[in-house]
Structure formats: structure tokens, C-alpha cells
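All remarks here apply to the structure that follows.
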Amino acid sequence: MPELPEVETTVRALRPLLVGRTITGVRNDWPRHLGNVDLATLQQQIHGRSFQTVTRRGKYLVFNLSDGAALIIHLRMSGHLAVVDGGAAPQPHVHTIFALENGQELRFKDPRKFGKVYLAHDLAEVLGGLGPEPLATDFTAAVLQERLNGRKRALKPLLLDQTFIAGVGNIYADEALFAARLHPQRAANSLSQEEIVVLHGAIQRVLRLGIAREGASIDLYVKPDGTRGDMQNAVNVFRRTGQPCYVCGRPIERMVLGGRSTHFCADCQI
DNA sequence: ACCGGAGCCTGTTAGC
DNA sequence: TGCTAACAGGCTCCGG
372 MPELPEVETT VRALRPLLVG RTITGVRNDW PRHLGNVDLA TLQQQIHGRS
422 FQTVTRRGKY LVFNLSDGAA LIIHLRMSGH LAVVDGGAAP QPHVHTIFAL
472 ENGQELRFKD PRKFGKVYLA HDLAEVLGGL GPEPLATDFT AAVLQERLNG
522 RKRALKPLLL DQTFIAGVGN IYADEALFAA RLHPQRAANS LSQEEIVVLH
572 GAIQRVLRLG IAREGASIDL YVKPDGTRGD MQNAVNVFRR TGQPCYVCGR
622 PIERMVLGGR STHFCADCQI
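Dropping the structure here:
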């Protein structure tokens with residue numbers, strides 16, 4: 372569930388707590404949390420390094436360290452990061468912990484255990500396959516048009532494809548298509564230039580709204596401090612099956628596309 | 001290029 | 001009420 376806005380919210384909350392802090396140790400009780408590195412190597416390589424920057428690429432959190440390497444974390448479905456005092460009570464589902472020199476800890480809680488921790492000396496080792504960053508200034512409608520060109524796939528699974536565009540997940544894909552008034556099954560290469568411009572604007576608008584509202588607390592997601600985001604109160608279609616469309620009143624429909632539940636208004640979206 | 005399905009997980013929910 | 005089964009979903013891998 373954490374998608375671009377939820378990850379961005381997490382990054383913004385963690386940044387002031389981590390930049391300048393030094394890592395003094397790593398603990399892990401679920402080896403599969405570690406994506407491209409084993410615990411011994413991770414401990415040896417990041418011990419004594421400090422956090423230089425805390426940023427985001429797509430749905431990945433990127434922690435640049437003082438030796439040039441980067442710690443990269445993906446929250447996947449249920450991951451949650453928080454900085455707490457080392458003496459704080461142990462919490463269930465915390466499987467990886469980074470101890471800091473100030474006595475605090477960065478705790479990676481992940482009930483469904485899908486999350487991943489990577490160590491990269493070259494970011495491209497982990498992030499190289501990602502598509503464009505949707506809120507970057509160089510992601511223009513023309514770039515979207517070029518990437519849609521010749522693609523026969525339905526729009527919904529294409530938006531979920533991280534190599535097509537980075538950071539969009541199920542919530543924001545449904546919301547962007549509603550905002551663009553485009554049916555989730557529309558073939559990517561069937562869009563007019565005007566529709567592409569509208570879709571481009573819709574993707575950016577729903578992601579920015581999600582960030583402004585600090586994420587959608589629909590299932591497990593909460594901010595690092597444990598409080599809820601507010602985007603769940605601003606969705607138009609996601610998980611609103613059977614409830615009236617805010618624009619036309621027709622009940623929102625649900626279908627499965629690319630294995631994902633997809634919510635849309637059959638009148639508004641064509 | 002694209003699609004579908006299995007697998008990874010476990011808390012929550014639907015259904016009996 | 002209490003149980004089980006299905007479901008949720010980001011991503012990867014597989015076969016077609």
C-alpha cells in the first residue's frame with residue numbers, strides 16, 4: 372500500500388531525525404528482509420557510516436551514507452519505518468533495526484514481511500529499471516506520450532508497471548484514471564493527444580494531493596509517528612464499490628485487471 | 001510485447 | 001459465536 376505519496380511522507384518525517392546520525396549496529400531476525408546483502412556484510416559495511424541524505428525514488432526510500440554507499444528500503448505492502456528511543460518497548464513485526472549513536476533506533480516493522488532492505492554502491496543496481504519519476508520536471512506530457520506510443524496494454528496495468536512510471540500503485544492508479552475520465556481497460560495506444568495531456572495532469576494531481584494529505588490510511592499505512600494520513604478521505608473511486616460516483620451518482624464498479632482490484636465509474640470513464 | 005498465474009506473507013473480513 | 005477460507009496487494013518469476 373505505501374505508494375509514492377506514502378513513501379514521500381515517510382521520507383519527509385524521517386529526514387530530520389536521521390540526517391547526521393551515525394549507524395552503530397544492525398539487527399535482523401528475518402533474513403529475507405535483506406534483498407541483496409547478508410546481515411554480516413550489511414553490518415560491516417554500514418557500521419560507523421552516517422546518513423547524508425534521505426530521499427525517494429519511486430516507492431523506494433534512499434538513504435545516502437557517508438562513504439558513498441546507499442541503504443535502500445522498499446516498504447512493499449505493509450512496511451513501516453519509525454525512529455524511536457532504543458529503550459522503547461519491542462513492537463511486534465519489527466524485523467530489522469538500525470541502532471544510532473544517539474541511542475535511538477530506526478525500526479523497520481513489516482507484518483507481511485514483503486519489504487526489502489538493499490545496500491547499493493551504485494544506485495542503478497537496485498533502481499536502474501525504474502521508469503520516470505512522475506513529479507519530476509522532466510516528466511512532461513510529451514514524455515508520457517512517447518512512452519504510451521505503440522503500447523497495446525490496458526492503462527491500469529501499465530500505470531502499475533514500475534518500469535513504465537515509478538511510484539504509482541493501486542490507489543493512485545485508480546484515482547488518476549478517474550480524474551482523467553479514462554476507463555482502466557482503455558488501450559494505451561488509443562489515447563488522443565488531448566487525453567494524454569489530461570492523463571499526465573491527473574497523475575501529477577492525485578500524487579500531489581496524496582502528498583499534501585500525507586498518504587492514504589486505508590489498510591495498514593500510518594505515518595512514522597503513528598498518526599494517520601488523510602488521503603482516504605479524498606478518494607473518488609478506490610474501495611468505493613457500490614457507492615455513488617461523486618460526479619454522476621452511478622454506483623462505482625469493481626473489476627479485476629492484471630490481478631488487481633480496480634475501481635471506476637462506468638459512466639464517467641470512457 | 002503482453003497476459004495470466006503462482007508465490008511470498010499475515011491480519012482482517014466474509015461466509016457458513 | 002466460532003470456525004475456516006478468501007482476500008488484500010507490490011513485486012518477481014514462470015510459462016504461454
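Residue numbering for the first sequence follows this note's numbering, beginning at 372 and increasing consecutively. Think of the CB as a built atom: it goes at the ideal place given N, C-alpha and C, for glycine as much as any other residue. As the structure is a prediction and not an experimental result, all values here were calculated from the model.
### Query
Given that a residue counts as buried once 16 or more other Cβ atoms are within 10 Å of its Cβ, and exposed if not, what is C616?
The residue given as residue 616 occupies position 245 in the first sequence. It counts as buried.
### Message
Going by the DSSP bridge assignment, what does E476 pair with across the sheet?
### Response
For the purposes of this step, residue 476 is taken as residue 105 along the first sequence, with counting starting at 1. In the DSSP output, where bridge partners are listed per residue, E476 has V455, A470.
### Task
Closer than 6 Å by C-beta to Q414: which residues in its own chain qualify, once you throw out the five before and the five after it? Chain order, please.
Taking the first residue of the first sequence as 1, we reach residue 414 at position 43. So the list reads V397, once near-sequence residues are dropped.
### Query
Relative to the C-alpha of S632, which residue among N407, I641, F609 is closest?
Within the first sequence, the letter at position 261 stands for residue 632. The shortest C-alpha separation from S632 is found at F609.
### Message
List, from N- to C-terminal side, the alpha helix (DSSP H) runs of 4 residues or more that fit wholly inside the stretch 380-460.
### Response
410-417
### Query
How many Å lie between W401 and V497 at the Cα?
Position 30 of the first sequence, counted from the start, is the residue given in the question as residue 401. Position 126 of the first sequence, counted from the start, is the residue given in the question as residue 497. Straight-line Cα distance between these residues: approximately 20 Å.
### Task
For my contact list, K527 and L628 are in at a C-beta cut-off of 8 Å; report their separation, rounded to the angstrom.
Working through the first sequence from its first residue, we reach residue 527 at position 156. Working through the first sequence from its first residue, we reach residue 628 at position 257. With a Cβ gap of about 5 Å, K527 and L628 count as contacting.
### Query
Rounded C-beta distance between F479 and I444? I'm assuming under 8 Å.
If you number the first sequence from 1, residue 479 lands on position 108. If you number the first sequence from 1, residue 444 lands on position 73. Correct: roughly 7 Å between the Cβ atoms.
### Task
Starting from the C-beta of V569, find all residues in its chain whose C-beta is less than 7 Å away, skip the five residues before and the five after it, and write them out in chain order.
What you label residue 569 is simply residue 198 of the first sequence in a count that begins at 1. The answer, listed in chain order, is A551.
### Query
Skipping 5 residues on each side, what residues in its chain have a beta carbon closer than 8 Å to that of C619?
One-based indexing of the first sequence puts residue 619 at position 248. Excluding positions up to five away in sequence, the list reads C636, D638, C639.
### Task
Check whether the Cβ atoms of L501 and A537 sit closer than 7 Å, and answer yes or no.
As a first step, residue 501 is located in the first sequence; it is residue number 130 there, counting from the start. As a first step, residue 537 is located in the first sequence; it is residue number 166 there, counting from the start. Contact: yes.
#### Entry: Contact check, L446 vs P555, beta carbons under 7 Å
Mapped onto the first sequence, residue 446 falls at position 75. Mapped onto the first sequence, residue 555 falls at position 184. In this structure, P555 does not lie closer than 7 Å to L446 by Cβ.
### Message
So the candidates are V539, G586, G600, E517; which of them puts its Cα closest to the Cα of L562?
### Response
Numbered from its first residue, the first sequence carries residue 562 at position 191. That would be E517, whose Cα lies nearest to the Cα of L562.
### Query
Do L494 and A441 have their C-beta atoms closer together than 7 Å?
Working through the first sequence from its first residue, we reach residue 494 at position 123. Working through the first sequence from its first residue, we reach residue 441 at position 70. Yes, they are a contact pair.
### Query
Could you give the distance in angstroms between the alpha-carbon of G406 and the alpha-carbon of F485?
One-based indexing of the first sequence puts residue 406 at position 35. One-based indexing of the first sequence puts residue 485 at position 114. The straight-line gap from Cα to Cα measures roughly 10 Å.
### Message
G474 and G457 - do their beta-carbons sit closer together than 7 Å?
### Response
Mapped onto the first sequence, residue 457 falls at position 86. Mapped onto the first sequence, residue 474 falls at position 103. For G457 and G474, yes; Cβs fall inside 7 Å.
### Task
Could you tell me the distance, in whole angstroms, from the CA atom of H418 to the CA atom of V488?
Locating residue 418 in the first sequence gives position 47, counting from the first residue. Locating residue 488 in the first sequence gives position 117, counting from the first residue. Answer to the nearest angstrom: the Cα atoms are 15 Å apart.
### Task
Just confirm the distance between the C-beta atoms of V425 and L477, as a whole number of angstroms; I'd bet it's less than 8 Å.
Position 54 of the first sequence holds residue 425. Position 106 of the first sequence holds residue 477. Rounded, the Cβ-Cβ distance is 10 Å, inconsistent with contact.
### Query
DSSP on I542, reduced to helix/strand/coil?
Residue mapping note: residue 542 aligns to position 171 of the first sequence, counting from 1. If DSSP states are grouped into helix, strand and coil, I542 belongs with the helices.
#### Entry: Unbroken stretches of the alpha helix (DSSP H), 4 residues or longer, contained in the stretch 546-608
564-583
### Query
Excluding the five sequence neighbours on either side, which residues of its own chain have a C-beta within less than 6 Å of the C-beta of L529, listed in chain order?
Sequence index remark: in the first sequence, residue 529 carries index 158 (1-based). Closer than 6 Å at Cβ, skipping near neighbours: F535, A559.
### Message
With a threshold of 7 Å on Cβ separation, who are the neighbours of Q533 within its own chain once the five nearest residues in sequence on each side are excluded?
### Response
Here residue 533 refers to the residue found at position 162 when the first sequence is read from its first residue. Hits under 7 Å: G429, L501, G502.
#### Entry: DSSP state of E624 mapped onto helix, strand, coil
The sequence position of residue 624 within the first sequence is 253, counting from 1. In the structure shown, E624 sits in a strand (DSSP, three-state: E or B).
### Query
What is the DSSP secondary structure of K484, reduced to helix, strand or coil?
Translated into the one-based positions of the first sequence, residue 484 becomes position 113. In the structure shown, K484 sits in coil (DSSP, three-state: anything other than H, G, I, E or B).
### Task
Assign L519 to one of three DSSP states: helix, strand, or coil.
In the first sequence, counting from the first residue as 1, residue 519 sits at position 148. Three-state result, L519: helix.
#### Entry: Nearest-angstrom Cα separation, counted from A573 out to R621
Translated into the one-based positions of the first sequence, residue 621 becomes position 250. Translated into the one-based positions of the first sequence, residue 573 becomes position 202. Spanning the two alpha carbons is a distance of roughly 21 Å.
### Message
Beta-carbon within less than 8 Å of Q564's beta-carbon, same chain only, minus the 5 sequence neighbours each way: which residues are those?
### Response
The residue you call residue 564 lines up with position 193 of the first sequence. Closer than 8 Å at the Cβ level, and outside the excluded window around Q564, lie Q516.
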